[in-house]
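Protein chains in written order, with our numbering: chain X, 3 to 557; chain C, 3 to 557. Right, one structure below, let's go through it.
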């Protein structure tokens with residue numbers, strides 16, 4: 003029996019699992035929280051200045067230290083002999099980036115830059131680069147840049163280019179001192195193996211690398227953004243790319259010692275955390291949609307060919323699994339839209355009751371609701387619309403209020419709205435000629451909110467296959483590790499794609515639950531969806547009320 | 003010095019004021035709550051059955067008993083010599099009706115009918131006659147009845163005809179035993195004076211009496227509603243009509259003794275409670291709008307000629323004050339729309355904090371908000387739209403939600419929505435060629451919510467003259483009493499209209515507060531109102547989303 007380690011680097015902690023490469027069975031696992039967590043207030047140094055709002059940083063040393071603890075803990079829990087562990091796969095939050103120096107050490111690690119916020123890791127949810135994202139969007143639109151079409155026409159403030167541009171603008175010294183800007187997952191691979199290659203997935207989805215267009219955006223475009231930014235891609239994103247499931251290298255002496263593993267352990271190229279969920283759910287073919295349902299929603303699909311239809315958020319060949327074009331769509335609001343209602347129920351932070359209690363009470367209250375029973379229909383754009391309409395200036399709405407409308411009614415209407423939002427995304431694929439034959443879901447929501455999942459099945463009119471395994475992404479990462487090991491065993495010219503798919507099929511976990519649609523409800527939802535769609539199109543395509551209101555909003 | 007008594011019959015109690023006919027100064031007052039209050043559960047008799055939902059009844063004996071207590075108490079408090087009290091004026095909630103027998107006694111007073119709900123008073127908010135109102139609306143529309151145009155095309159379930167038709171349908175014996183159906187105000191006048199005439203105001207606004215069309219709806223129309231209803235108007239609404247401010251008679255021996263007043267005391271024809279607020283505010287000319295702001299809103303205006311424009315709720319010559327055409331518009335939601343938000347803040351009846359506390363906390367929170375600062379705009383149709391669009395199937399809406407939208411934001415947006423709703427009503431008058439030059443407000447809201455009143459001034463872009471006197475309607479009633487006395491003194495042929503206006507001017511109270519618009523805010527509100535109006539027209543005139551959603555609502 004051979005084993006692979008999957009490392010799932012989340013926002014607060016890293017999880018390690020040790021999985022059998024034969025069955026996918028998890029022999030042991032361990033979680034280790036980052037010492038500094040998310041740094042939003044002050045840097046962990048003496049006399050640190052207060053960070054500007056919307057900053058969300060991390061300390062890269064935390065990743066290494068927590069990784070050591072998690073891996074050694076998982077090995078211990080598993081009772082697996084170390085020799086049987088052949089590989090490591092990594093998934094990481096994205097876009098989470100850091101500047102590194104010539105020695106590949108993080109800038110913030112040296113005493114010279116440790117007091118400078120821009121020397122630290124910018125976590126995915128660092129939103130302070132919004133002005134830079136706005137600039138990129140305006141310029142790309144103005145210049146009709148081809149690359150932006152591969153991102154649904156919109157650059158998020160969370161991505162590589164706005165974040166790096168912010169460093170250039172706000173801390174020129176840090177920017178110049180950085181030999182590279184690198185994803186967290188690639189930093190781990192580099193620390194483990196010394197290999198300088200990056201993962202192709204994050205480059206494609208978060209850093210404008212479009213293989214079909216020859217790579218990163220042109221120096222001309224970057225120069226037009228800022229003359230000093232002209233050589234950013236050429237100089238600071240120079241390393242080669244490798245696909246998840248292919249080997250990046252084996253452990254350095256130092257890394258092997260630190261983790262207690264053999265130096266021959268093969269390390270796969272990293273991937274984005276949500277993307278590891280796709281093999282983690284056992285998906286290895288096109289036409290199957292994976293939905294990661296948490297605070298927000300992430301929809302992933304694969305297809306044989308690229309179609310630049312309106313409304314996806316990212317598209318890359320080999321972007322999810324080798325051999326397919328991987329599509330990503332994002333629903334900005336899911337769990338947080340329900341939190342929006344639950345918060346009112348709790349008394350907006352006045353601590354009347356805790357959060358899970360509020361969700362529990364509200365979903366119990368609506369458990370036996372019929373479709374549309376609240377009399378309200380909501381638009382789920384409380385933080386904009388990230389797919390289909392790709393418009394960040396859109397906002398939420400509720401229509402159908404009466405004096406009797408309760409918070410339970412609003413909760414139900416918002417659950418339906420989230421499901422309608424996903425149906426609109428599914429429809430955008432189908433309309434583009436990309437069939438969606440089977441829908442899988444995982445993440446925090448399916449676990450916590452069974453009422454919501456039934457509404458999803460009813461609204462989508464199709465069974466939802468749910469896995470509630472907490473280690474699903476880590477398992478997906480372990481699969482990539484196992485495939486990379488097999489590829490390295492078989493040497494160059496091996497059929498990487500075939501190996502990967504065989505590995506996924508072998509290691510695929512059982513699906514816990516199948517939520518089947520209630521046919522009667524599904525029929526009613528066809529009608530209600532039509533009402534939703536009319537609102538959706540009215541406010542999303544015709545009327546500019548929401549945009550006009552933003553002008554008055556006090557943000 | 004002479005005095006007039008104003009009797010203001012409200013939902014829970016009657017208020018008596020004794021006012022100087024020279025200055026309007028109130029010498030004394032007293033309130034007396036009705037013993038049985040609003041009867042919604044069971045009749046106050048042994049072994050009563052449970053009332054159906056939406057029933058709201060009262061016991062007519064309560065009116066008499068409370069009136070005696072209030073009048074005697076007010077006299078005592080005032081120290082006014084009884085001989086100086088020359089008149090009584092009455093205002094009453096409407097449409098509040100009861101069936102009476104041959105002796106003018108309420109049916110429910112005799113032992114024969116005391117166990118039958120339909121023998122009791124149907125209070126204005128008795129909403130159980132909705133099916134009958136629906137029937138009347140459908141038939142009037144189908145037959146293109148001219149009379150319904152004088153009511154904005156819509157009959158409310160609160161009015162005389164649906165309520166009487168409900169009695170016919172549900173308790174034929176009661177219906178047949180009733181020699182008349184009579185308004186509460188007219189019942190009091192009859193009890194006081196023995197006079198059989200009714201007040202023209204309630205007949206016009208609540209019972210389809212259109213002088214210009216020769217009176218009540220035709221027997222043909224009533225027969226088409228129900229063959230047994232054919233003679234309803236002819237038989238059971240047969241008494242003549244008299245205007246408020248003209249004498250109905252003097253006190254009977256019994257009444258004089260019961261109230262401790264002289265038999266010569268002149269009693270004016272009654273009026274509707276809200277209408278008494280118009281003279282109560284000191285209004286006695288056209289182009290001045292009175293808004294009674296409470297749970298719902300009532301807008302009253304006077305004009306020289308009748309214009310059947312789209313969107314008023316009632317129109318009658320002499321309907322408010324003698325000599326003018328009186329218009330009424332209603333805004334279904336005002337205080338209750340704010341309650342809708344405050345309720346969520348309180349925790350929907352879980353008693354986290356009390357109601358006034360919730361309104362206080364929320365209006366304090368938004369006190370310094372700029373126009374539109376919530377980023378949201380709401381439609382104030384939580385209980386339908388009773389003016390301008392005249393559509394009961396419309397519902398409320400909020401557009402512009404984000405994850406940060408708080409209940410305070412929603413409260414502010416709803417305050418703005420109420421003010422926008424009033425602006426739409428004002429605009430409907432102006433567009434019809436009826437200028438609105440000055441706006442007065444009274445009622446519970448101006449008293450309790452100064453933040454709302456400032457928003458009203460800013461949204462309407464004009465000063466709002468506010469009286470917060472609790473006895474404003476009672477004072478208006480006393481004015482009608484005083485005018486009736488003067489008319490009876492001067493005998494037939496006296497210039498009733500001139501006398502009434504002179505009386506109002508003399509007795510008009512001081513306006514407590516003038517709320518002046520903030521010019522900067524008013525300018526911003528011009529823009530926001532335009533956004534409101536677009537939503538208003540979209541959902542109110544074009545799109546039928548709200549109506550479609552009602553089909554799914556669980557009421």
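Every residue, glycine too, gets a C-beta built ideally from N, C-alpha and C.
CB-CB under 6 Å to residue i, same chain, minus the five flanking residues each way: which ones, in chain order?
i	result
residue 30/X	20, 76, 79 and 80
residue 157/X	135, 138 and 139
residue 104/X	181
residue 142/X	150
What is the rounded straight-line gap between the Cα of residue i and the Cα of residue j?
i	j	result
residue 490/X	residue 411/C	59 Å
residue 94/X	residue 187/X	5 Å
residue 441/X	residue 400/C	32 Å
residue 221/X	residue 542/X	34 Å
residue 347/C	residue 345/X	10 Å
residue 10/C	residue 297/X	56 Å
residue 471/C	residue 444/C	8 Å
residue 277/C	residue 240/C	24 Å
residue 258/X	residue 167/X	36 Å
residue 27/C	residue 506/C	12 Å
residue 247/X	residue 316/X	20 Å
residue 107/C	residue 200/C	15 Å
residue 437/C	residue 476/C	28 Å
residue 392/C	residue 461/C	22 Å
residue 87/C	residue 279/C	22 Å
residue 416/X	residue 380/X	6 Å
residue 263/C	residue 368/C	51 Å
In the DSSP assignment, find the beta strand (DSSP E) that holds residue i and state where it starts and stops.
i	result
residue 504/X	It is not in any beta strand (DSSP E) - residue 504/X instead sits in the alpha helix (DSSP H) that spans 498-509.
residue 17/X	15-22
residue 94/X	87-94
residue 181/X	Segment: none, residue 181/X is in no beta strand (DSSP E) and carries neither H nor E.
How about residue i: is its C-beta nearer than 8 Å to some C-beta of chain X?
i	result
residue 556/C	yes
residue 384/C	yes
residue 397/C	yes
residue 423/C	no
residue 550/C	yes
residue 456/C	no
residue 296/C	no
residue 314/C	no
Mind checking if residue i is an interface residue toward chain C, Cβ cutoff 8 Å exclusive?
i	result
residue 378/X	yes
residue 132/X	no
residue 547/X	yes
residue 321/X	no
residue 390/X	no
residue 20/X	no
residue 453/X	no
residue 536/X	yes
residue 48/X	no
residue 519/X	no
residue 468/X	no
Going by the DSSP bridge assignment, what does residue i pair with across the sheet?
i	result
residue 403/C	398/X
residue 333/X	299/X
residue 466/X	441/X and 517/X
residue 210/C	Answer is none; residue 210/C lacks a bridge partner.
I'd like the list of long-range same chain contacts for residue i, defined as Cβ closer than 7 Å, with 5 residues on each side in sequence excluded.
i	result
residue 173/C	118 and 120
Can you name the start and end residues of the alpha helix (DSSP H) that residue i belongs to?
i	result
residue 186/C	186-195
residue 389/X	Counting along the chain, residue 389/X falls outside any alpha helix (DSSP H), and DSSP gives it neither H nor E.
residue 238/X	234-238
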